[in-house]
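There are 2 protein chains.
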Amino acid sequence: MHGPVVRKLGTLVNLTNEEITCLESLQTESRSFDRHATLYGEGDRIELTYMVVDGWAMRYKSLSDGRRQILNFILPGDFIGIYGSLIDTADHSVDALTRMQTHVFAPQRILEVFGKCPRLGAAIAWTAGREEAILAEQVVRIGRRSAFERTAHLFLELLRRLQLVGLAGQRSFEMPLSQDILADSLGLSLVHVNRTLRRLRQSGLVKLVDKRLIIEDVDRLERLAEFSPDYIEASTLPPATQAELR
Amino acid sequence: MHGPVVRKLGTLVNLTNEEITCLESLQTESRSFDRHATLYGEGDRIELTYMVVDGWAMRYKSLSDGRRQILNFILPGDFIGIYGSLIDTADHSVDALTRMQTHVFAPQRILEVFGKCPRLGAAIAWTAGREEAILAEQVVRIGRRSAFERTAHLFLELLRRLQLVGLAGQRSFEMPLSQDILADSLGLSLVHVNRTLRRLRQSGLVKLVDKRLIIEDVDRLERLAEFSPDYIEASTLPPATQAELR
DNA sequence: CGCTAGGTTGAATACGCTCAAAGATCGTGG
DNA sequence: CCACGATCTTTGAGCGTATTCAACCTAGCG
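Printed below as a string of structure tokens:
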């Protein structure tokens, strides 16, 4: 069984054995983190790149008076610090939200992959593009959606992203997020998140059992939140690139 | 005199003549757009990449009921559709905010540059990373700052970005944005933007003459908005990459 | 058993929104 | 060159969504 990274990149291009070997060359060293561990903080030099095998993390920024905004959530299959070879100090922090398991390597290793396995390199670059698309959707969510829509929309995004790596069912997934964390992601107050969740529950749209989020009617919630999953899934690399990278 | 792209990339790496030639190979074909022209819309195939020589544009998403959120502003020196070789349909739209002048080329040309002039390629890739950093800052701005801080913060961002390409003075620049556009960038209503601008004016922080924004006291405004320009400027490429790309 | 982290609820307040209408500015055609 | 329409700005009034403050409840863990 392959890890979440292979699974995710595999939906994009059919990885050859050589490419899988190439990817595995990045997976020589493992490192795990406890909940609340800080992988790196604002201003730190970025010396390492991580591939997340298991667990959740968050990328965030803090203001001096304690306000905090979560930029996005990092899930299994995601990379942390891919831009390490291009940017030397971090402009945000990354904390583990659960216990995490990762592979670590030097950022320059990515550049080597581009040379050796260009098609795999393209798939990894695509990953970076998708990350930007997720960030863009986060801007719209916070800027132009109501608290109700925002929350629903985030849940649907998490559902889809987790499905892509085989960690969510048709309509449910483990969600290790406190309301406090949700608030800082959604740009809302903790109290208002609590009330919004209640509304979502009372409308029969979601159920929350233990830490598992169950979406009662995915279609209805998608319509309500005007959610479209295009920005998450890989269609394929455009034909031009496919040809270019042979 | 070189264009804004050379100027911007030049702050990052000292471009050799060969690299400048390499960059100029992307500037063979020009195209200009009228104000309000749509470069591409959500769902369109991305077939071309643009380098902006002059004029402003915006990247935005719309909801079905007419709500609109601007993701970021595109200024001279910026690229549009760099991910063209990786993503085949656009998940957002790009409209010209003023008359624009650009250079166009096929997305795959970027890949060629990576091969021929790797250091220049790295500088262009850095550009993409910076774009993500700007988007991240937009998330924080909208999610966790007050209307007053938001507006001030955006103005400072625009000042710095324009200074980088030589299009702003020490404390002022041409800003071709209506309040309606500002509102959709800041996640506020038009009316509230108007009132916020008045407050900024009455506090003696900014002045708006014709379409020129003058920041009365940049330091004070930066402190007030908790603005730090690190995410905009190039420090340098990290040493590891410099070595790698020789 | 007591502490801490997280969840729930109420009450009062405030920030920003909507609706509405009236000026100002600019480009264009008569 | 002026008049007209279109676009953009300004202001008032009332409202609503989301915030703050505060308290209490619950579960898990040492």
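Going down the list, the protein sequences come from chains E and X. Just so we're aligned, residue 1 is where the first sequence starts under my numbering, counting upward by one. Just so we're aligned, residue 1001 is where the second sequence starts under my numbering, counting upward by one. The beta carbon of each residue, even a glycine, is placed where N, CA and C say it ideally should be.
Can the beta-carbon of Y231/E be found closer than 8 Å to that of E137/E? yes
Using a Cβ cut-off of 8 Å (strictly closer), state whether D1091/X contacts chain E. yes
Can you name, in chain order, every residue of its own chain whose Cβ lies under 6 Å from the Cβ of S1185/X, other than the five neighbours on each side? I1070
Tell me which residue opens and which closes the beta strand (DSSP E) that I232/E is part of. First-last for I232/E: undefined, no H or E at that position.
Is the beta carbon of G104/E less than 8 Å from the beta carbon of Y50/E? In the sequence as displayed, the identity of residue 104/E is Val instead of Gly. It is a contact, given that the beta carbons lie within the stated cut-off.
Please report whether the beta-carbon of K1116/X lies at a distance below 8 Å from any beta-carbon of chain E. no
Backbone CA spacing between T1011/X and S85/E [nearest angstrom]: 18 Å
If E216/E sits next to G204/E, beta carbons under 8 Å apart, how far is it from one beta carbon to the other, in whole angstroms? 6 Å
Examine the Cβ distances between the segment 154-164 of chain E and the segment 25-32 of chain E and report whether three or more of them are shorter than 8 Å. no
Using the beta-carbon of each residue, which ones in chain X are nearer than 7 Å to V140/E? K1061 and Q1069
Inspect the beta-carbon positions of V1053/X and I1080/X and report whether they are closer than 8 Å. no
Report the partner residues of K944/X according to the DSSP bridge assignment. Any question about residue 944/X goes unanswered here, given that chain X covers just 1001 to 1246.
Host alpha helix (DSSP H) of V193/E (start-end): L190 to Q202
Pair every Cβ in the segment 1006-1021 of chain X with every Cβ in the segment 1168-1186 of chain X, then say whether three or more of these pairs are closer than 8 Å. no
Beta-carbon neighbours of E132/E, restricted to chain X and to distances below 9 Å: Y1083, A1128, E1131, E1132 and L1135
What residues in the segment 1162-1187 of chain X have a beta carbon less than 9 Å from any beta carbon of chain E? D1184, S1185, L1186 and G1187
Would you check if the distance between the CB atom of H1036/X and the CB atom of A1096/X is smaller than 8 Å? yes
Along the chain, where does the alpha helix (DSSP H) containing L111/E start, and where does it finish? Q108 to K116
Under the three-state reduction of DSSP, which class applies to A69/E: helix, strand or coil? It should be noted that the sequence gives Gln, not Ala, for residue 69/E. Q69/E: strand per DSSP, three-state reduction.
Could you say which of L135/E, D78/E, S64/E and E226/E lies nearest to E149/E if we only look at CA atoms? E226/E
Measuring only between beta-carbons, confirm whether E222/E sits less than 8 Å from chain X. no
Please report whether the beta-carbon of E1226/X lies at a distance below 8 Å from any beta-carbon of chain E. yes
Determine the DSSP secondary structure at I87/E, reduced to helix, strand or coil. coil
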